[in-house]
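The sequence shown begins at 565 in this note's numbering and counts up by one.
Ideal Cβ placement from N, Cα and C applies to all residues, glycine included.
Here the structure is a predicted model, which is why all the values come from computation and not from measurement.
Encoded as structure tokens, the structure appears first; notes follow it.
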Amino acid sequence: MDRRAFIASVGGAAAFAAMNANQKADALEAAMAQELEQVVVKSHLFTTFGKEPQEWPRSPYGRQPLGKNQVFLMGHDPRLPLMSEKPTLAEFFEKRFTVTAHVLQSARLAKMNGLSEKTVLACLLHDISVCGFISADHGYFGAQLVAPYVDEEVSWAIKYHQALRFIPDESVGYAYPETYVRFFGEDYKPEPYIYRDAEIAKNHKWYMTARQITLNDLYSFDPNVKVELEDFADIIDRHFKQPEEGLGYDDTPSTHMWRAMIFPNKFL
Ligand SMILES: [Fe+2]
Ligand SMILES: [Fe+2]
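Right, dumping it as structure tokens:
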């Protein structure tokens, strides 16, 4: 990319210098997207902060008009690895999920702790929403993503691990995570629904499955240990019903969510 053209596109050197790091990153991404033949648009949720008036049709990041021969991206984003016609869970791990070390290491720990295969699978999948779909309310979204393909206990545990992560249980040696103090600050207090759902979970027959996810939820791990998804291939085979048509191409209540991960930047 031509540096001078890029700086001119954001309004010149002074305007560029006045931007913060996030704005610079967004502007660079916008400029790179402009170089594609198809225009890639970010979700309005993340570009307007709910405040800017909507422009229609929107070009990437708001104000640049669509180029003469440009159209909005309506399929594969060429900046991402191309996915096959029948994607498996493993393919999502490989081509769409980021920072998978966390879930892999958590599943490894659960396995070493001798937990059931279903619980190991729940640990392996517990944060995949963060890895590929959406971070906010990741337990709830993660549970919906996998519900059609796993035993109900697995998706239930994934849903409720989010709330239980904030709630100590001394009887099983679970304290509020130190990492959360660092991540969210000492004064952070979860919303009421987290307390409500933790209470629901505590009184449920599958409480310990969700609790085990929190007990094996590892943020700091040995960098010398490399865990591969392959280590769980047999557990996935036995407990994750891969649809014949491929994830994103079958017809379940969460198919569209997998499809959105395949084509995350489609205009509509
Ligand atoms: Fe989580
Ligand atoms: Fe986690």
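Check, Outcome
"V603 - partner residues in DSSP beta bridges", "F636"
"Residues that Y738 bridges to, as DSSP identifies them", "D733"
"F827 - DSSP class collapsed to helix/strand/coil", "coil"
"6 Å Cβ shell around P754 - same chain, five flanking residues per side excluded", "F730"
"Distance CB(M821)-CB(L644) smaller than 7 Å", "no"
"Whole-angstrom distance between G678 and V684, CA atom to CA atom", "9 Å"
"D701: CB within 6 Å of a non-hydrogen atom of ligand 2", "no"
"D691 beta carbon near ligand 1 (any heavy atom closer than 6 Å)", "yes"
"Burial state of F748 (16 or more Cβ within 10 Å)", "exposed"
"Where the alpha helix (DSSP H) containing E655 begins and where it ends", "L653 to K659"
"Residue burial classification, L668 (beta-carbon count within 10 angstroms, cutoff 16)", "buried"
"Whole-angstrom C-beta distance between V635 and N829, which should lie under 8 Å", "At roughly 13 Å, the Cβ-Cβ gap does not stay under 8 Å, so N829 and V635 are not in contact."
"Validate contact between the segment 764-784 and the segment 718-726 using beta carbons, cut 8 Å, 3 pairs", "yes"
"Secondary structure of Y625, DSSP reduced to three states", "Low confidence applies here, because Y625 scores a pLDDT of 48, under 50, leaving its location unreliable; read the following figure in that light. Y625 falls in the coil class under three-state DSSP."
"Best match in P642, P756, D761 and N780 for proximity to Y704 [C-alpha to C-alpha]", "D761"
"Between the CA atoms of K769 and S784 - distance to the nearest angstrom", "30 Å"
"Secondary structure of W770, DSSP reduced to three states", "coil"
"G696 beta carbon less than 7 Å from that of R660", "yes"
"Residue of N780, E681, G812 and S818 minimising C-alpha distance to D798", "E681"
"Beta-carbon separation (whole angstroms), T652 vs L793, contact threshold 8 Å", "Wrong, their Cβ atoms sit about 10 Å apart, outside the cutoff."
"C-beta contact flag for T778 and P712 at 7 Å", "no"
"Neighbourhood of F827 by C-beta distance below 8 Å, restricted to the same chain and skipping five residues each side", "G639, H640 and D641"
"Distance CB(L728)-CB(A671) smaller than 7 Å", "no"
"Cβ-based neighbour list, F656, same chain, cut-off 7 Å, excluding 5 preceding and 5 following", "G696, L811 and M825"
"Per-residue burial, T592 [other beta carbons within 10 Å of its own, 16 or more giving buried]", "The question names Thr, but residue 592 is Leu in the sequence shown. Burial call: exposed."
"Which listed residue (L637, K588, N788 and F796) has its alpha carbon closest to that of L832", "L637"
"Among N767, T664, E734 and A674, the one whose alpha carbon lies nearest that of K790", "T664"
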